[in-house]
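Written out below as structure tokens is the structure these notes cover.
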Amino acid sequence: GKTNRDIADILGMSHRTVNKHLEHIFEKLGVETRAAAAALASRSIHG
Numbered sequence: 005g006k007t008n009r010d011i012a013d014i015l016g017m018s019h020r021t022v023n024k025h026l027e028h029i030f031e032k033l034g035v036e037t038r039a040a041a042a043a044l045a046s047r048s049i050h051g
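My numbering puts the first residue of the sequence shown at 5, with every later residue one more than the last.
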């Protein structure tokens, strides 16, 4: 996967902005890591 800095470069924004967006996403999903968010998404898709 891509780092937060890589994502920021692609989107043309600060890596801190990417970090903050991810914090909000993780909070809404009730997870603490990108891996946990991916696992949650996988379970949601595959049952």
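Glycine included, every Cβ here is placed at the ideal spot set by N, Cα and C. Everything numeric in this text was worked out from a predicted model, so none of it was measured.
CB-CB length for residue i against residue j, believed under 8 Å
i     : j     : result
LEU44 : LEU33 : 6 Å
DSSP-derived helix/strand/coil call for residue i
i     : result
THR21 : helix
GLU31 : helix
Inter-residue spacing [alpha-carbon to alpha-carbon] between residue i and residue j
i     : j     : result
THR21 : ASN8  : 9 Å
MET17 : ARG47 : 31 Å
ASN49 : ALA40 : First, the amino acid is wrong: residue 49 is Ile here, not Asn. If I take the Cα positions, the gap works out to 14 Å.
LYS24 : GLU31 : 11 Å
GLU36 : ILE29 : 10 Å
ILE11 : HIS19 : 8 Å
Check: residue i C-beta below 6 Å from any heavy atom of the ligand PLP
i     : result
LYS32 : As for the ligand PLP, it is missing from this structure, which has no ligand bound.
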